[in-house]
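Residue numbers (this note's numbering): 292 to 401. Quick notes on the structure that follows.
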C-alpha cells in the first residue's frame, strides 16, 4: 500500500507550499512562458501558482492580467496535454479580468 506524507508545521497542522506566494514574483516567473523550447513542468508549476492566487482572492490589475493572459496563450503550442489543460483553466479564470481577450478566446477556447 502507498504511503501519504503530510508536511507538518511546528503547530502540528499541515503546511501549505503556496502560503507565502507573492503576485509580483509569480508574474516575473511567468516570463518563461515566452521561452523556447517550452518547459511544461515549470510552466505547470507557475500556472498552478497563478490559479492559487486567483482562488485566494488576489487582485490582478487589468494590465497584469492581460500580459499574463497573452503569455499563456503561447503555451497552447505545446504538445503536453496536461499543460494545455491547465493553460485552458487559467485562461478561463483570467478572461474575466483581462482586456482584449475576445480574439484569443474565440481561437483557442472554442
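All C-beta atoms, glycine included, are put in the ideal place defined by N, C-alpha and C.
- The Cβ atoms of residue 329 and residue 366 sit closer than 8 Å to each other.
- For residue 381, the uninterrupted alpha helix (DSSP H) run begins and ends at 372–385, by DSSP.
- Per DSSP, residue 336 is one residue of the alpha helix (DSSP H) stretching across 331–346.
- Between the alpha carbons of residue 310 and residue 347 lies a gap of roughly 10 Å.
- With respect to the 8 Å criterion, residue 337 and residue 364 are not classified as neighbours on the basis of their beta carbons.
- The three-state secondary structure of residue 306, taken from DSSP, is coil.
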